[in-house]
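Notes follow once the structure below has been shown.
Numbering (the UniProt record's numbering), first residue to last: 1 to 261.
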């Protein structure tokens, strides 16, 4: 029997066979013919239906074994189980097909995007959800208000932390259980790849960029020339070089005639 696949969440009726664990244990053991490595992703929330205990998957996943972040309090034997995406609570429903895509006879274009403070450097708490977006992987997709919901545009327009660079490689890979035929960024009339696939990544290797040159600083100072839009009485040049200090006096203070540098 082919089971329904959903990256967002799957009830016990859609999971393969049963599983168990020991009291105070962190290892889940599958019984005959479980398919943990197919049905679970690291980060998913696993729940024993019999004991009602839910834990986050954290370790290596094989067909019949996986580990969780915290020990289970109760033992479980031959329990049915369910799973859900670790960020499912941040959204009202799973991503399926947008109204725009449906009108164009397409399928499976919707995508949920989550920005998480993994190490607590921005919010003070590890794994805090900072931003969430629900959009489309179909180029040109629009919401009911006429604005673009193409996830590239959505992230670039609204995020304070990210800018879109490229589609993930999974967007070019057919999710065989859903019969995708269209890569991310394709026309809304297609059946999109990677439906139900979960992609996670950490932002690493970032730098603060290069040091500002005197020319950069002078160009930025020129923004103060607009008397109607910028109110300023004192231009502070701090440790800027002589040329920049002269630029502030001659090209801005004298030009405006209402401030000093």
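Quick reminder that beta carbons are idealized off the backbone N, C-alpha and C, glycines included.
**Message:** Measuring only the C-alpha atoms, how far is residue 244 from residue 43?
**Reply:** 52 angstroms
**Prompt:** Rounded to the nearest angstrom, how far is the Cβ of residue 134 from that of residue 71, given a contact under 8 angstroms?
**Reply:** About 35 angstroms; that fails the 8 angstroms criterion.
**Prompt:** Based on the DSSP secondary-structure assignment, which residues constitute the bridge partners of residue 129?
**Reply:** 116
**Prompt:** residue 266 and residue 68 look like a contact to me (Cβ under 8 angstroms); what is the Cβ gap, rounded to whole Å?
**Reply:** Look at the range of the chain in this structure, 1 to 261, and you will see that residue 266 is not part of it.
**Asked** What are the uninterrupted segments assigned as alpha helix (DSSP H) that are 4 or more residues long and contained completely in the region 20 to 89, given in chain order?
**Response** 36 to 39
**Prompt:** When we look at the beta-carbon of residue 200 and count the other beta-carbons within 10 Å, is it buried (16 or more) or exposed?
**Reply:** exposed
**Asked** Cα-Cα, which of 238, 254 and 154 is closest to residue 226?
**Response** 254
**Message:** Contact between the region 72 to 91 and the region 116 to 132 is defined here as three or more beta-carbon pairs at a separation below 8 angstroms; is this criterion met?
**Reply:** yes
**Item:** Spatial distance of residue 19 from residue 211 (CA atoms)
**Value:** 56 angstroms
**Request:** Determine the extent of the alpha helix (DSSP H) in which residue 146 is found, giving its start and end residues.
**Result:** It is not in any alpha helix (DSSP H) - residue 146 carries neither H nor E in the DSSP assignment.
**Request:** Can you give me the Cβ contacts of residue 84 inside the same chain, cut-off strictly under 6 angstroms, excluding the 5 residues immediately before and after it?
**Result:** 9 and 45
**Prompt:** Under 9 angstroms between the Cβ atoms of residue 251 and residue 108?
**Reply:** no
**Request:** Going by DSSP, name the residue or residues bridged to residue 142.
**Result:** 148
**Span of the alpha helix (DSSP H) around residue 14** = Taken as a continuous stretch (DSSP letters only), residue 14 belongs to no alpha helix (DSSP H), as it is neither H nor E.
**Request:** Apply the 10 Å Cβ neighbour rule to residue 38 and answer buried if 16 or more other Cβ atoms are within range, or exposed otherwise.
**Result:** exposed
**Message:** Can you list, in chain order, the residues of its chain with a C-beta nearer than 7 angstroms to that of residue 11? Leave out the 5 residues immediately preceding and following it.
**Reply:** 82
**Asked** Buried or exposed: residue 171, going by 16 or more other Cβ atoms within 10 Å of its Cβ?
**Response** buried
**Asked** What is the rounded straight-line gap between the Cα of residue 98 and the Cα of residue 167?
**Response** 19 angstroms
**Asked** Which residues in the same chain have their Cβ closer than 7 angstroms to the Cβ of residue 59, if we skip the five residues on either side of it in sequence?
**Response** 66 and 67
**Request:** Apply the 10 Å Cβ neighbour rule to residue 241 and answer buried if 16 or more other Cβ atoms are within range, or exposed otherwise.
**Result:** exposed
**Asked** Are the beta-carbon atoms of residue 24 and residue 48 separated by less than 9 angstroms?
**Response** no
**Request:** Look at residue 139 and residue 185 and say whether their C-beta atoms are less than 9 angstroms apart.
**Result:** yes
**Asked** Considering only residues of the same chain and omitting the five flanking positions on each side of residue 164, which have a CB-CB separation below 6 angstroms?
**Response** 152, 155 and 156
**Asked** To the nearest angstrom, how far is it from the Cα of residue 182 to the Cα of residue 87?
**Response** 26 angstroms
**Prompt:** So with Cβ pairs under 9 angstroms, would you call residue 166 a contact of chain C?
**Reply:** The structure shown has no chain C; it contains just one protein chain.
**Message:** So for residue 111, helix, strand or coil by DSSP?
**Reply:** strand
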